[in-house]
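Visitor: Next up is a structure, given as C-alpha cells.
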Amino acid sequence: MVLDDLGESLRGTLDSLRGKSRIDEEDVDEVVTEIQRSLLQADVDVGLVQDLSEAIRSRSLDEEPPAGTSARDHVLRIVYEELVDLVGDSMELPLEERTIVLAGLQGSGKTTTAAKMAWWFSTKGLRPAVIQTDTFRPGAYDQAEQMAERAEVDFYGDPDGDDPVQIARDGLEATADAEVQIVDTAGRHALEDDLIEELEAIDRAVDPDDTILVLDAAIGQAASDQAEEFDRAVADGVDGVTITKLDGTAKGGGALAAVDQTDAEIAFLGTGEGVKDVERFEPSGFVSRLLGMGDLEQLAERVERAMVETGEDDEEWDPEDLMEGEFTLKDMRKQMEAMNQMGPLDQVMDMIPGLGGGIMDQLPDDAMDVTEDRMRSFEVIMDSMTEDELEHPQSVGAERVERIARGSGTDPETVRELLQQHQMMDRTLDQFQGMGDGDLGRMMDQLGE
Ligand code: GDP
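Okay, structure coming up:
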C-alpha cells in the first residue's frame, strides 16, 4: 500500500516517545526527519513537504496537549491531522442516479476502473452499467466486457462500431434501466487534439453528472500537471480523480498530494488488477490506516459485505463498538470470522488497530498460510471456552489453559498465543481510546463522514 514505509518508520519513531509526558525539540526533529524522508521518497513535492514539516514542528512544540495525553499521542494526532490535510478531501459522490464519464491517457487504467467503480456502486445497492466507447485501442471491447462480467454488472459496447459518440448514445439507451451509467472513453498516449475533440463530443452527447480523470499513481507529483491539463481541455472541467496502481508504485503519496493542489478531488483508489481492488478515497481512514491506527470505516464496510455474503448478519456487533467499552474475545472472534470472508488477509490485517503494517511485514513469506491455519485453531479454541472466559479472558489462568487445550484438541502454547494476541489488540485499542475523548470523537466523526 502507498506510503507503507512512512507508516512503519513513523510508528517506530513515535514509539520511542512512549512513556514521555513532554516533548522536546530533538524528539520532534526526529519525527519530522522521518516524515520528510518518506514523503520525498513517495515523490511528494518538496515545498509541500517543507510546509508540512514546519506545521508539525511548530504545532507539536507550541500546542498544549490535552490533559492526560502522552507526548506520543499528542504528536501522533498532529501528524494525523496534517497528513489528512496533505491528501485533501474526497470527491462527493451521492448514492443516487448518475452518469459518469471516465477520461484519461491510454493505459492509465480507465477500462479497469470503469468495472471497479461499477462493482463498488453495486455493493451500495445501486444498479450500475459500463458503457465502452473506446474504438481506438484494440482489445478494449473484449477487456471491458470480461471485466463487467466479473463485476457482475450490465455492459454495453459495439465491437464493430467506429463512432464513439454514437456508441455512447446507444449505450445510454440500452442500459437505461441502470441507475449509475459509467462511460469509458478512449485514451491516447498524450493529451492530443483528437482525444480532446472526442472527449468533448462524448461530453455533449452524454451530459454527465461527473467527469472523472483516471491517473496512474506512478506519475507521482506530475499528477497535478496532468489533472490541470485535462481540466483545461475538457469544456466542463474535471470533477474528480481516480488514482490507479497504488499497489505497484512508491510514488502514490506524491500523486495523492499533487491532486490536492488542483481543483479536483480524489474519488477512488485502485489497488490491484481485480475488479474488487478498489476503494473509495476516505482521507481520514486512509491516513489512520497508514499510521497503524486501523481503518475502521473500511473494516466496517468489509465486514458488512462479508456478513451479507455469508448470510450472517449479526446485529449485535458493530466494528465501531471496538472503540467503546471492553474488547472481549467475542469481539476478536467476530473479527476473525468476518476476516475469513474478506479475502486478502494482509489487507484486512492492515485495517485492524495493532495489526497494521509492521507486524505483517515482519512475517516470513509463507507466514500467511500459517496465520490462516492459526486463525482456524483459534476458532476451535474459542469453541471450547465458556461464556465467562470469552467475556473476561484475563481471568484464564494456567489450569484453564490446560483444560481449554485438551477440550479443543490443541496445545497450551496455542491457547496462550490466542490470549496474547487478544491482549495485544486490547492494548492497542486502549491506547487509541486513550487519545482523549475530544480527539477521538473528532476522529470518529471524520471516519464516519
Ligand atoms: P486504459 O487504457 O486506461 O483503459 O487502461 P486499462 O484499464 O486497460 O489498464 C492498463 C493496465 O493497467 C492493465 O494491465 C490493468 O490490468 C492495469 N491496471 C489498472 N488498474 C490497476 C491497479 O489499480 N493496479 C494494478 N496493479 N494494475 C492496474
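The sequence shown: position 352 = 352 (UniProt numbering), numbered continuously.
Glycine included, each C-beta is placed from N, C-alpha and C at the ideal position.
#1: Write down every uninterrupted run of the alpha helix (DSSP H) in the segment 39-97 whose length is 4 residues or greater and which is fully enclosed by it, in chain order.
#2: I'd like the list of long-range same chain contacts for P159, defined as Cβ closer than 7 Å, with 5 residues on each side in sequence excluded.
#3: Step through the CB atoms of chain D and report whether any lies within less than 9 Å of the CB of L48.
#4: At what residue ranges does the segment 105-149 contain a whole run of the alpha helix (DSSP H), taking only runs of 4 or more?
#5: Residues in the same chain with beta-carbon distance under 6 Å from V180, minus the five sequence neighbours each way, listed in chain order, please.
#6: Within 8 Å: the Cβ of R280 and any heavy atom of the ligand GDP?
#7: Tell me whether T249 sits in a helix, a strand or coil according to DSSP, three-state version.
#8: How about K110: is its Cβ closer than 8 Å to a heavy atom in the ligand GDP?
#9: Just list the residues that DSSP pairs D210 with in beta bridges.
#10: Closest to F378 by C-alpha separation, out of D388, K334 and G19, would be which residue?
#11: Going by CA-CA distance only, name the one from L40, Q50, D51 and L61 that's closest to E25.
#12: Please name the residue, chosen from L95, A71 and L52, that lies closest to E81 on a Cα-to-Cα basis.
#13: Beta carbon of A140: closer than 8 Å to some heavy atom of the ligand GDP?
#14: In three-state DSSP terms, what is D154?
#15: Could you tell me which residues DSSP pairs with R427 in its beta bridges?
#16: Quick check on the burial criterion: 16 or more other C-beta atoms within 10 angstroms. Buried or exposed for M424?
#17: Where are the alpha helix (DSSP H) runs, 4 residues long or more, that stay fully inside the segment 164-226, in chain order?
#18: Thinking C-beta only, is I131 closer than 9 Å to A168?
#19: Any idea if T13 is buried or exposed, counting beta-carbon neighbours within 10 angstroms, 16 or more meaning buried?
#20: Examine the ligand GDP and report whether any of its heavy atoms sits within less than 8 Å of the Cβ of R18.
#21: Which residue spans inside the segment 264-297 form an unbroken beta strand (DSSP E) run of at least 3?
#22: Rounded to whole angstroms, what's the CA-CA distance from A148 to A205? Just pull it up for me.
#23: Name the residue from L419, D411 and D184 whose alpha carbon lies nearest to the alpha carbon of G107.
#24: Quick one: grab the DSSP three-state call for I243.
Guide: Considering the structure as presented:
#1: 46-62 and 71-87
#2: To locate residue 159, count along the sequence shown from 1; it is residue 159. Contacts found: Y141.
#3: The structure shown contains no chain D; it is built from a single protein chain.
#4: 110-123
#5: Numbered from its first residue, the sequence shown carries residue 180 at position 180. Excluding residues within five positions, the ones whose Cβ falls inside 6 Å are R98, F121, L126 and P128.
#6: Reading the sequence shown from its first residue, position 280 is the one you call residue 280. Incorrect: R280 has no Cβ contact closer than 8 Å to the ligand GDP.
#7: For the purposes of this step, residue 249 is identified with residue 249 of the sequence shown, where counting begins at 1. Three-state result, T249: coil.
#8: As a working mapping, residue 110 is identified with position 110 in the sequence shown. Correct: K110 has its Cβ closer than 8 Å to the ligand GDP.
#9: Within the sequence shown, residue 210 is the residue found at index 210, counting from 1. I100.
#10: Walking along the sequence shown from the start, residue 378 turns up at place 378. For the residues D388, K334 and G19, the minimum Cα distance to F378 belongs to K334.
#11: Position 25 of the sequence shown, counted from the start, is the residue given in the question as residue 25. Of L40, Q50, D51 and L61, the residue nearest in Cα terms is L61.
#12: Reading the sequence shown from its first residue, position 81 is the one you call residue 81. Nearest option by C-alpha distance: L52.
#13: Taking the sequence shown and counting its residues from 1, the one referred to as residue 140 is at position 140. Checking the Cβ of A140 against the ligand GDP gives yes.
#14: Working through the sequence shown from its first residue, we reach residue 154 at position 154. Of the three classes helix, strand and coil, the one that applies to D154 here is strand, per DSSP.
#15: Here residue 427 refers to the residue found at position 427 when the sequence shown is read from its first residue. In DSSP, R427 forms no bridge with anything.
#16: Mapped onto the sequence shown, residue 424 falls at position 424. Burial call: exposed.
#17: 164-174 and 193-206
#18: Walking along the sequence shown from the start, residue 168 turns up at place 168. Walking along the sequence shown from the start, residue 131 turns up at place 131. Yes, Cβ-Cβ distance for A168 and I131 is below 9 Å.
#19: The sequence position of residue 13 within the sequence shown is 13, counting from 1. It is buried - the Cβ of T13 has at least 16 other Cβ atoms within 10 Å.
#20: Your numbering for residue 18 matches position 18 in the sequence shown. R18: no, Cβ never under 8 Å from the ligand GDP.
#21: 265-270 and 278-280
#22: In the sequence shown, residue 148 corresponds to position 148, counting from 1. In the sequence shown, residue 205 corresponds to position 205, counting from 1. One C-alpha to the other measures close to 23 Å.
#23: Within the sequence shown, numbered from 1, the residue matching residue 107 stands at position 107. It is D184 whose Cα lies nearest to the Cα of G107.
#24: Numbered from its first residue, the sequence shown carries residue 243 at position 243. Reduced to three states, the DSSP call for I243 is strand.
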